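Notes follow the structure.
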Amino acid sequence: MSTAVPGLAPEVPLALPTPVERVLPNGLSVTLVRRPGVPIAEVRLSIPAAHADLAVADVLSAALFAGTESATMTEIAQRLQGVGGSLGAGADPDRLAVSGTCLASGLSELLDILGDILVAADYPEAPLAVEQSRIIDGLSVAEQQPDFQVSRALDARLWGDHPYGHQQPTAAEVAAVVRDDVRALHASRLHPDGSRLVIVGDIDPDAALAAVEKSLAAWNGSGEPRHMEPLPSLVPGPVVLVDRPGSVQSAIRIAYPAVGRTHDDNAAQHLANLIYGGYFTSRLVMNLRETKGYGYSPRSRVDHSPAGSVQLTSVDVATEVTAPALAEVVSELRGMAERAPDEAELDLARRYALGSVKLATATQSGIANYTSALAACGLPLSWLAEHSERLRAVTPADIKRVAAERMSPDGAVTVVLGDGAEVTGPLSETAEIEVL
Amino acid sequence: MTVATIPAPAFAIETFRLDNGLRVVLAPDPGAPVVGVAVVYDVGMRSEPEGRTGFAHLFEHMMFQGSHNVGKAEHMRHVQSAGGTFNGSTHIDYTDYFNLLPANGLELALFLEADRMRGPAITEENLENQVSVVKEEIRVNVLNRPYGGFPWLKLPPVMFDTFPNAHDGYGSFGDLEAATVDDAQAFFDAFYPASNAVLSVAGDFEPETARALVERHFAGVEARTAPVLPSFAEPDLTTERRESYVDERATLPAVAMAWRVPDPVTELADFLPYVVLGELLTDGDASRLVERLIHRDRTATAVAAHATFMAEPFASRGPTALLIQAFLPPTGDADTVMAAVGEELARVAGGVDEAELGRIKARVAAQLLRSDDSVMGRARRLATAEVFHGDARYATRFATLLGEVTAESVARAAEAMTQNRRAVIEVVPGGNQ
Chain S
5 MSTAVPGLAP EVPLALPTPV ERVLPNGLSV TLVRRPGVPI AEVRLSIPAA
55 HADLAVADVL SAALFAGTES ATMTEIAQRL QGVGGSLGAG ADPDRLAVSG
105 TCLASGLSEL LDILGDILVA ADYPEAPLAV EQSRIIDGLS VAEQQPDFQV
155 SRALDARLWG DHPYGHQQPT AAEVAAVVRD DVRALHASRL HPDGSRLVIV
205 GDIDPDAALA AVEKSLAAWN GSGEPRHMEP LPSLVPGPVV LVDRPGSVQS
255 AIRIAYPAVG RTHDDNAAQH LANLIYGGYF TSRLVMNLRE TKGYGYSPRS
305 RVDHSPAGSV QLTSVDVATE VTAPALAEVV SELRGMAERA PDEAELDLAR
355 RYALGSVKLA TATQSGIANY TSALAACGLP LSWLAEHSER LRAVTPADIK
405 RVAAERMSPD GAVTVVLGDG AEVTGPLSET AEIEVL
Chain C
32 MTVATIPAPA FAIETFRLDN GLRVVLAPDP GAPVVGVAVV YDVGMRSEPE
82 GRTGFAHLFE HMMFQGSHNV GKAEHMRHVQ SAGGTFNGST HIDYTDYFNL
132 LPANGLELAL FLEADRMRGP AITEENLENQ VSVVKEEIRV NVLNRPYGGF
182 PWLKLPPVMF DTFPNAHDGY GSFGDLEAAT VDDAQAFFDA FYPASNAVLS
232 VAGDFEPETA RALVERHFAG VEARTAPVLP SFAEPDLTTE RRESYVDERA
282 TLPAVAMAWR VPDPVTELAD FLPYVVLGEL LTDGDASRLV ERLIHRDRTA
332 TAVAAHATFM AEPFASRGPT ALLIQAFLPP TGDADTVMAA VGEELARVAG
382 GVDEAELGRI KARVAAQLLR SDDSVMGRAR RLATAEVFHG DARYATRFAT
432 LLGEVTAESV ARAAEAMTQN RRAVIEVVPG GNQ
């Protein structure tokens with residue numbers, strides 16, 4: 005007996021909410037989105053921080069909520085807890101990002117707390133020292149994680165002296181940070197001009213805007229704006245082997261340049277990435293996981309950052325199949341131009357991409373994250389609707405051209421982290437290797 | 032100090048049962064044009080047979096390898112071609128399969144779940160392939176990283192004596208490699224009848240339409256008797272149990288402590304104070320153990336407490352535990368940390384301030400609400416509430432029930448966490464080579 009798989013009901017169009025946008029007199033850009041659903045508010049604040057010292061920025065992020073001149077860390081945490089809230093901060097080479105959530109009814113309280121901290125964070129000596137130690141302890145653990153280890157090696161190999169080449173401070177760098185460094189970074193860089201606040205949730209945008217104006221009006225001043233220089237050209241070379249003695253898996257990473265979100269080829273690149281390794285039905289997953297059983301989650305993604313874009317393949321495989329797995333990845337990458345997808349393969353990826361936009365914007369946290377990430381590249385949420393239209397127009401010929409121009413293992417940087425004693429021999433039979 | 036009034040989520044919930052015993056939950060919400068479809072089977076790692084550790088999880092993988100009208104990898108292809116995503120997950124007491132799609136993919140998802148509810152199409156080749164995939168998953172999540180399986184795989188064998196409660200649910204490579212197609216068929220026959228499952232649909236749909244589609248696709252699934260859930264009961268500890276192991280990739284000492292708690296289903300009212308207690312101890316910088324261990328004593332670098340081994344208090348059965356785990360600075364001492372934890376538990380036992388309790392309840396409610404933000408999370412929570420608590424509507428009541436927990440009951444819970452009832456696992460770092 006065979007039953008036909010049911011088709012789809014008529015497509016439901018993408019329905020993006022219309023954000024309320026304001027720029028406050030102090031220069032802060034505010035984006036508010038009413039999205040009924042659960043009575044929660046999501047808050048994202050992004051502050052430009054290009055060329056901030058990474059270790060200092062990490063300590064600042066960890067100790068941002070550790071006290072002001074008038075409130076202790078515990079008092080701040082209790083106020084947040086009272087509205088079901090939490091606030092956290094993190095730093096990357098481009099920005100300091102504060103992320104939070106609370107019951108929608110407590111939004112004005114959360115904004116008040118945020119306003120106090122931005123104006124008066126004091127980084128008291130005792131909690132600052134605790135946070136500094138915790139970062140160092142956390143780094144010692146992270147440095148044993150294969151993903152962290154290989155990312156660090158890959159960033160350095162890809163970008164060298166560019167700030168993206170060193171995205172995680174060392175324990176020694178963190179240990180050298182003193183309170184005055186943190187206070188100086190706050191004074192010079194934590195300013196509303198150029199910063200963006202995104203609030204999404206079951207909120208009244210007018211009331212939320214009034215609360216933002218009340219709580220963040222005192223946040224002021226402007227530091228010297230620093231711009232992130234574009235990524236340097238990527239220089240291909242031998243496979244870099246990072247030795248991790250005893251590793252029972254090898255982490256294979258292959259990176260090559262990609263175009264940015266506003267480039268004419270972006271939609272084709274998006275779909276080409278999906279077909280190659282960007283979703284479960286991709287060539288990479290079907291081959292390495294479902295046919296060969298080499299790895300649990302082989303994948304490829306396009307990373308768009310303010311300084312540039314890169315396409316990255318990540319495959320973690322058993323040590324004994326490292327060399328054949330790398331050969332398969334290279335073959336699939338080459339195959340994107342040599343065995344270019346037909347209309348059916350393209351259409352499957354296209355339908356997945358169009359649906360993904362709907363899924364990603366179906367939640368409050370998804371809209372908050374997407375709005376914030378797009379804004380970092382200077383794009384509004386409505387860009388997703390335009391991008392969806394461009395996805396519809398991509399042809400197999402576009403995919404073949406984009407793959408031939410950009411998805412070549414010959415133009416890529418490859419880093420493998422694994423047990424050198426086991427994998428060096430097999431790898432060097434097919435590739436030139438540089439042992440790090 | 033503002034303590035917010037705790038709001039309740041506002042979406043309708045409809046439940047019914049098909050003749051074959053399948054329980055169905057519908058939660059329409061036109062908020063976004065997407066739909067979440069989850070099927071939860073009332074079988075988890077605790078039910079896998081001896082000599083077949085990891086089998087519940089391996090079987091979950093096999094449910095993606097094709098069924099009567101769906102070829103290998105086609106489930107994924109169909110869902111993704113509808114613009115959707117899918118996954119499955121295996122837990123101690125249940126296994127779930129879930130799909131999130133644009134709203135026009137509802138019937139497709141129902142068809143796919145119904146097709147595999149009639150039985151997966153398992154071949155030697157697919158089984159061998161997925162044993163390899165699962166081994167790589169275990170290498171990523173357990174073997175090739177520091178603290179792999181700590182404490183959720185490492186603590187149960189210290190605390191429990193019987194195979195269902197104590198064994199490694201991810202499985203040994205030997206047991207995984209020994210699995211056969213016949214084992215899979217037997218597991219399906221025993222634990223995967225429609226009467227042992229809950230189907231849950233949340234999101235943008237008309238209830239009448241969805242009901243008709245559910246009946247169209249699931250009514251024909253064979254009626255079979257649900258398995259009788261065995262008792263997994265074990266006596267509580269009367270003397271402390273303590274073990275340690277060396278983790279070659281760990282750089283910091285770590286310790287996890289656990290105490291048996293009342294049954295999360297049959298003794299829910301007595302269990303809830305432990306959920307609140309976990310938050311009171313470690314949620315945020317205002318919590319008791321973060322203040323004490325991290326900021327005052329500086330004897331821990333991270334600390335977390337949660338009720339049940341996989342931190343899912345409303346999707347677990349007994350016997351289970353409240354866990355407190357701490358990562359220590361490199362020179363830290365587990366006994367010092369455990370002594371301080373004991374002192375803090377004694378302080379809680381001495382009385383809890385109403386204001387503090389109110390703040391914690393607001394926080395717990397916000398976290399529960401946030402898990403309903405996605406219709407996928409909502410569908411899964413509704414389904415597990417139906418499986419474990421017999422009514423999907425419980426999923427929207429937990430915040431209120433937690434709000435009714437008294438200061439006195441939290442104090443009593445802390446008082447019961449004595450050293451003689453404690454199971455402890457310590458990680459000795461062998462890393463930093």
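Residue numbers (the working numbering), protein chains in the order written: chain S, 5 to 440; chain C, 32 to 464.
Every residue, glycine too, gets a C-beta built ideally from N, C-alpha and C.
Since the model is a prediction, treat every value here as computed from it, not as a measurement.
CB contact check: K218/S to chain C, cutoff 8 angstroms: Counting from 1 along the first sequence, the entry for residue 218/S is found at position 214. Cβ-Cβ to chain C under 8 angstroms: no for K218/S.
Rounded separation between S392/S and G382/S - CA only: Looking up residue 392/S in the first sequence gives position 388. Looking up residue 382/S in the first sequence gives position 378. Those two C-alpha atoms are separated by around 18 angstroms.
I think G115/C touches L132/C, with their Cβ atoms under 8 angstroms apart; what is that distance to the nearest whole Å? Along the second sequence, read from residue 1 onward, the residue named residue 115/C stands at position 84. Along the second sequence, read from residue 1 onward, the residue named residue 132/C stands at position 101. About 3 angstroms; that satisfies the 8 angstroms criterion.
From A317/C to R327/C, what does the alpha carbon distance come to, in whole angstroms? Position 286 of the second sequence, counting from 1, holds the residue named residue 317/C. Position 296 of the second sequence, counting from 1, holds the residue named residue 327/C. Between A317/C and R327/C, the alpha-carbon positions lie close to 12 angstroms from each other.
Excluding sequence positions up to five away, which residues of its chain have a Cβ less than 6 angstroms from the Cβ of S432/S? Locating residue 432/S in the first sequence gives position 428, counting from the first residue. There are no such residues.
Taking only beta carbons into account, state which residues of the stretch 136-149 of chain S come closer than 8 angstroms to chain C, listed in chain order. Those would be S137, R138, D141, G142, S144, V145, E147, Q148 and Q149, in chain order.
Along the stretch 344-372 of chain S, what residues have a CB closer than 9 angstroms to any CB found in chain C? Under the 9 angstroms Cβ criterion, the stretch 344-372 of chain S contributes D351, L352, A353, R355, Y356, A357, L358, G359, S360, V361, K362, L363, T365, A366, T367, Q368, S369 and G370.
Relative to chain C, which residues along the stretch 274-295 of chain S have a C-beta separation below 8 angstroms, given in chain order? Going along the stretch 274-295 of chain S in chain order, one finds Y283, F284, T285, M290, R293, E294 and T295 with a Cβ nearer than 8 angstroms to chain C.
Compute the distance between the beta-carbons of M407/C and F218/C, then report whether it is under 8 angstroms. Walking along the second sequence from the start, residue 407/C turns up at place 376. Walking along the second sequence from the start, residue 218/C turns up at place 187. No, the pair does not count as a contact, with Cβ atoms beyond the cut-off.
Mind reading off the beta-carbon distance from D62/S to I139/S? Whole number of angstroms is fine, and I expect it under 8 angstroms. Along the first sequence, read from residue 1 onward, the residue named residue 62/S stands at position 58. Along the first sequence, read from residue 1 onward, the residue named residue 139/S stands at position 135. Yes, D62/S and I139/S are in contact; Cβ-Cβ is about 6 angstroms, under 8 angstroms.
Element boundaries [beta strand (DSSP E), containing Y276/C]: Counting from 1 along the second sequence, the entry for residue 276/C is found at position 245. Where Y276/C is concerned, the enclosing beta strand (DSSP E) stretches over R272 to D278.
Closer than 8 angstroms, CB to CB, is G62/C near chain S or not? Looking up residue 62/C in the second sequence gives position 31. Closer than 8 angstroms to some Cβ of chain S, the Cβ of G62/C qualifies, so yes.
Could you spell out the range, first to last residue, of the alpha helix (DSSP H) harbouring Y260/S? Working through the first sequence from its first residue, we reach residue 260/S at position 256. Premise fails: Y260/S lies in the beta strand (DSSP E), Q253 to A262, not in any alpha helix (DSSP H).
Grouping DSSP H, G and I as helix and E and B as strand, with all else coil, what is Q398/C? Numbered from its first residue, the second sequence carries residue 398/C at position 367. Correct three-state label for Q398/C: helix.
Neighbouring residues, chain S, relative to T332/C (Cβ below 8 angstroms): In the second sequence, residue 332/C corresponds to position 301, counting from 1. Correct list: S137, R138, D141 and G142.
So with CB distances below 9 angstroms, who are the chain C contacts of Q253/S? The count along the first sequence starts at 1 and reaches residue 253/S at position 249. Against chain C, the beta carbon of Q253/S has neighbours under 9 angstroms at E167, R170, V171, L174 and N175, listed in chain order.
Give the DSSP bridge partners of L278/S, in chain order. Counted from its first residue, the first sequence places residue 278/S at position 274. For L278/S, which the question treats as bridged, DSSP gives no partner whatsoever.
Using alpha carbons as the reference points, say which of V368/C, L432/C and A352/C lies closest to L359/C. Within the second sequence, the letter at position 328 stands for residue 359/C. The candidate whose alpha carbon is nearest that of L359/C is V368/C.
Taking the alpha-carbon positions, what's the G92/S to A66/S distance? Taking the first residue of the first sequence as position 1, residue 92/S is located at position 88. Taking the first residue of the first sequence as position 1, residue 66/S is located at position 62. Rounded to whole angstroms, G92/S to A66/S spans 8 angstroms at the Cα level.
Please list the residues of the stretch 93-116 of chain C that have a C-beta atom closer than 8 angstroms to any C-beta atom in chain S, keeping them in chain order. From the stretch 93-116 of chain C, only H99, N100, V101, K103, A104, M107, R108, H109, Q111, S112, A113, G114, G115 and T116 have a Cβ closer than 8 angstroms to chain S.
L260/C burial status per 10 Å Cβ neighbour count (16 or more: buried): Here residue 260/C corresponds to residue number 229 of the second sequence, with the count starting at 1. Classification for L260/C: exposed.
May I have the straight-line CA-CA distance separating D120/S from W290/C, to the nearest angstrom? To locate residue 120/S, count along the first sequence from 1; it is residue 116. To locate residue 290/C, count along the second sequence from 1; it is residue 259. As the crow flies, the alpha-carbon of D120/S is around 41 angstroms from that of W290/C.
Okay, do the stretch 29-38 of chain S and the stretch 401-417 of chain C touch, 3+ Cβ pairs below 8 angstroms being the bar? Segments in contact, no.
For N291/S, name the three-state secondary structure that DSSP assigns. In the first sequence, counting from the first residue as 1, residue 291/S sits at position 287. Assignment of N291/S by DSSP, reduced to helix, strand and coil, places it in the helix class.
Say whether chain A places a C-beta atom closer than 8 angstroms to the C-beta of C106/S. The structure shown has no chain A; the protein chains it does contain are S and C.
I'd like the span of the beta strand (DSSP E) that includes S33/S, first residue to last. For the purposes of this step, residue 33/S is taken as the residue at position 29 of the first sequence. Under the DSSP assignment, S33/S falls in the beta strand (DSSP E) whose first and last residues are S33 to R38.
What distance in whole Å lies between the Cβ atoms of L320/C and E374/C, which are believed to be in contact at a cut-off of 8 angstroms? For the purposes of this step, residue 374/C is taken as the residue at position 343 of the second sequence. For the purposes of this step, residue 320/C is taken as the residue at position 289 of the second sequence. With a Cβ gap of about 11 angstroms, E374/C and L320/C do not count as contacting.
If you run the structure through DSSP and keep just helix, strand and coil, what is S120/C? As a working mapping, residue 120/C is identified with position 89 in the second sequence. S120/C: strand per DSSP, three-state reduction.
Taking CB distances under 8 angstroms as the criterion, tell me whether V47/S reaches chain C. As a first step, residue 47/S is located in the first sequence; it is residue number 43 there, counting from the start. Cβ-Cβ to chain C under 8 angstroms: no for V47/S.
When you compare the CB positions of V306/S and Q253/S, do they come within less than 8 angstroms of one another, or not? On the first sequence, position 302 is the one that residue 306/S refers to. On the first sequence, position 249 is the one that residue 253/S refers to. Going by C-beta atoms, V306/S is not nearer than 8 angstroms to Q253/S.
Quick check: the Cα distance between D206/C and F86/C, rounded to an integer number of angstroms? Within the second sequence, numbered from 1, the residue matching residue 206/C stands at position 175. Within the second sequence, numbered from 1, the residue matching residue 86/C stands at position 55. Rounded to whole angstroms, D206/C to F86/C spans 8 angstroms at the Cα level.
From V87/S to T434/S, what does the alpha carbon distance come to, in whole angstroms? To locate residue 87/S, count along the first sequence from 1; it is residue 83. To locate residue 434/S, count along the first sequence from 1; it is residue 430. Roughly 59 angstroms separates the two Cα atoms.
Output, in chain order, the set of chain C residues within a Cβ distance shorter than 7 angstroms of G299/S. Numbered from its first residue, the first sequence carries residue 299/S at position 295. Within chain C, the residues E167 have their CB atoms less than 7 angstroms from the CB of G299/S, given in chain order.
Kindly indicate if chain C contains any beta-carbon less than 8 angstroms away from that of G339/S. Your numbering for residue 339/S matches position 335 in the first sequence. It does not; no Cβ of chain C falls within 8 angstroms.
Is DSSP giving Q464/C helix, strand or coil here? Here residue 464/C refers to the residue found at position 433 when the second sequence is read from its first residue. Its pLDDT being 46, under 50, Q464/C is placed unreliably by the model, and nothing is read from it.
Going by DSSP, what residues sit across from R99/S in a beta bridge? Here residue 99/S refers to the residue found at position 95 of the first sequence. Bridge partners of R99/S: P52/S.
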